[in-house]
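Counted from 1, the sequence shown has number 651 at position 179 by the working numbering; the numbering is strictly sequential. Yeah, the Cβ is synthetic: ideal placement off N, Cα and C, and Gly gets one too. Computed from a prediction, not measured in an experiment: that's the story for all the values here.
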Amino acid sequence: MRCSSGSGDLLEEQSGFSAKFDIFPITLACLIVSMNLTVMVLFICNRALKTVTNSFLVSLAVSDLLAGLIGVPLSISCSVFRDNKFCPPSQLIWRFISVSTVLHILLVSVDRYIAIKYAIRYHNIVTRHVFLAFTSLAWATATFVSFIQLSWREHASLDDEDDNEDTNSAQTIYELTVFVLFFAVPLCIMAFTYYRIFVTVRYHERQIWRYHCPSDLEQAQHTHHNTAQRRTAIIFLAMLIVFIICWFPYFILSFQERFHDNDSLSAWVIYVVYYYPRYFTSLSNPMLYVLGKRDFREALIQAVRRTNTRRNEIRGSTTLTALHAAEQNGGALTNT
């Protein structure tokens with residue numbers, strides 16, 4: 473059996489590049505890089521996209537970009553070479569990405585809660601300084617959580633079948649702590665947040681219908697605003713659900729490795745159920761908010777239209793130049 477190092481300690485005797493296992497993540501990595509770069513380019517080139525909420529999403533896109541540029545290549549390299557140069561860094565980067573992703577989704581969830589619950593004071597509460605402070609904290613926390621493992625695994629080797637008992641104990645405590653603090657607790661907070669978001673949106677809708685006439689223009693405006701807020705919240709909730717589905721098996725595998733309870737699992741099960749899904753989050757996140765959020769979707773459509781217009785202009789210019797050259801050549805032949 474051939475196994476990648478995503479969570480870590482399982483590596484079997486067989487190594488080398490395997491098309492049936494490695495082609496899919498390579499393809500996925502290319503899609504991850506292209507989608508997240510698209511998000512970043514759209515954000516940079518469109519003034520209308522430069523909101524605080526979208527800034528959180530772009531910070532998440534940078535984290536997801538690392539999965540395609542560094543995480544997937546390191547995982548494949550670890551599987552191919554089974555070397556300490558690739559496997560420990562692969563474990564660190566994927567731990568970093570998991571913590572970074574959940575913290576960024578937590579930030580956008582809280583941002584939406586404040587925008588709906590405290591709509592009038594939102595721009596006074598969530599400022600650029602607040603954004604910079606909390607995103608910096610998210611990146612610093614993810615870095616610390618991933619690299620703290622080096623303090624007890626510095627001398628660990630891939631060829632050691634039995635780790636030092638203290639190292640095993642420390643790693644088990646670490647896995648449990650990370651699962652609780654950066655999976656279970658954030659999920660509970662976000663579950664409560666989205667519950668409050670949808671309750672608040674529903675309350676606002678009832679108030680609008682109660683105090684405004686059906687033909688009231690102000691009612692139509694408020695209804696449109698509430699609908700937009702609801703759709704945005706649904707997109708972020710979908711991101712959270714995808715994260716749970718894709719990363720929960722990875723955490724389970726970490727515990728199974730700690731207690732040596734996955735020897736009976738086949739290579740296909742480990743890859744398809746445990747490893748591949750975590751790659752998918754870094755692709756689904758940008759797809760959800762680029763195709764789901766109206767501002768990103770409109771910016772993408774405009775960019776495609778501009779590209780097509782320029783392409784047609786270039787083609788038209790080339791055609792006119794060719795016709796003009798042909799006319800001149802024809803005139804020259806007539807004169808001779």
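Pick from the options that is closest to residue i, judged by C-alpha positions
i: Val-574; options: Met-711, Ile-706, Ser-726, Arg-519; result: Met-711
i: Val-673; options: Glu-647, Ile-706, Arg-787; result: Ile-706
i: Leu-578; options: Thr-781, Thr-523, Ile-713, Phe-752; result: Ile-713
i: Thr-649; options: Ser-726, Leu-604, Ile-716, Tyr-594; result: Ser-726
i: Val-524; options: Phe-606, Cys-559, Lys-557, Leu-537; result: Phe-606
i: Ser-572; options: Leu-653, Tyr-748, Ile-773, Arg-678; result: Leu-653
i: Pro-658; options: Leu-763, Arg-593, Ile-516, Ala-610; result: Ala-610
i: Phe-496; options: Tyr-748, Thr-779, Ile-586; result: Tyr-748
i: Ile-588; options: Leu-760, Pro-758, Tyr-675, Arg-783; result: Tyr-675
i: Val-534; options: Ala-501, Val-505, Cys-660; result: Val-505
i: Phe-553; options: Tyr-751, Ser-618, Ser-490; result: Ser-490
i: Phe-752; options: Arg-787, Ile-724, Ile-716, Thr-791; result: Ile-716
i: Tyr-722; options: Val-598, Ile-786, Phe-655, Leu-760; result: Phe-655
i: Gln-621; options: Ser-608, Phe-603, Asn-640, Leu-604; result: Asn-640
i: Ile-724; options: Arg-782, Phe-651, Thr-665, Ser-608; result: Phe-651
i: Asn-518; options: Tyr-585, Glu-770, Val-598, Ser-618; result: Glu-770
i: Leu-431; options: Asn-780, Thr-790, Ser-531; result: Lying before the first or after the last residue shown, residue 431 is absent from the chain, which here runs from 473 to 808.
i: Val-617; options: Ile-645, Thr-781, Glu-637; result: Ile-645
Delimiting residues of the alpha helix (DSSP H) encompassing residue i
i: Thr-599; result: Segment: none, Thr-599 is in no alpha helix (DSSP H) and carries neither H nor E.
i: Arg-567; result: 559-589
i: Leu-521; result: Premise fails: Leu-521 is in no alpha helix (DSSP H) and is neither H nor E.
i: Ala-642; result: 637-651
i: Phe-654; result: Where Phe-654 is concerned, there is no enclosing alpha helix (DSSP H), given that its DSSP letter is neither H nor E.
i: Ser-549; result: 544-553
i: Leu-464; result: For residue 464 there is no data in the structure shown, the boundaries of the chain being 473 and 808.
beta-carbon residue i near the ligand HEM non-hydrogen atom, thresh 7 Å
i: Glu-647; result: This structure does not include the ligand HEM; it has no bound ligands of any sort.
Contacting residues, own chain, Cβ-Cβ under 8 Å from residue i (five flanking each side not counted)
i: Arg-766; result: Ala-700, Arg-703
i: Met-662; result: Ile-577, Leu-578, Ser-581, Leu-712
i: Thr-613; result: Val-571, Leu-575
i: Thr-510; result: Pro-758, Val-762, Leu-772
Classification of residue i by the beta-carbon crowding that lies within 10 angstroms, buried from 16 upward
i: Thr-793; result: exposed
i: His-601; result: exposed
i: Ala-539; result: buried
i: Ser-754; result: buried
i: His-576; result: buried
i: Tyr-743; result: buried
i: Tyr-590; result: exposed
i: Glu-647; result: buried
i: Cys-559; result: buried
i: Asp-494; result: buried
i: Phe-768; result: buried
i: Tyr-667; result: exposed
i: Leu-521; result: buried
i: Cys-718; result: buried
i: Thr-499; result: exposed
i: Arg-678; result: exposed
i: Asn-526; result: buried
i: Val-741; result: exposed
i: Arg-787; result: exposed
Sequence-distant residues of the same chain with beta carbon closer than 7 Å to residue i, five excluded per side
i: Ser-756; result: Val-714
i: Gly-543; result: Ile-565, Trp-566, Ile-569
i: Leu-772; result: Leu-514, Val-762
i: Ile-810; result: Since the first residue shown for the chain is 473 and the last is 808, residue 810 is missing from the structure and cannot be characterised.
i: Tyr-746; result: Pro-721, Tyr-722, Leu-725
i: Ile-669; result: Arg-584, Tyr-585, Ile-588, Ala-705
i: Thr-615; result: Phe-568
i: Gly-764; result: Ile-707
Contact set for residue i: own chain, Cβ-Cβ below 6 Å, skip 5 residues either direction
i: Val-580; result: Phe-528, Phe-708
i: Leu-537; result: Asn-508
i: Leu-503; result: Leu-755
i: Ala-775; result: none
i: Ala-501; result: Gly-540, Val-544
Quiz item: Considering only residues of the region 733-781, which uninterrupted alpha helix (DSSP H) runs meet the minimum length of 4 residues and lie entirely inside it, listed in chain order?
Solution: Qualifying alpha helix (DSSP H) stretches, in chain order: 748-764.
Quiz item: What residue ranges within the region 696-724 form continuous alpha helix (DSSP H) runs of no fewer than 4 residues, ordered along the chain?
Solution: For the region 696-724, not a single whole alpha helix (DSSP H) run of length 4 or above is found.
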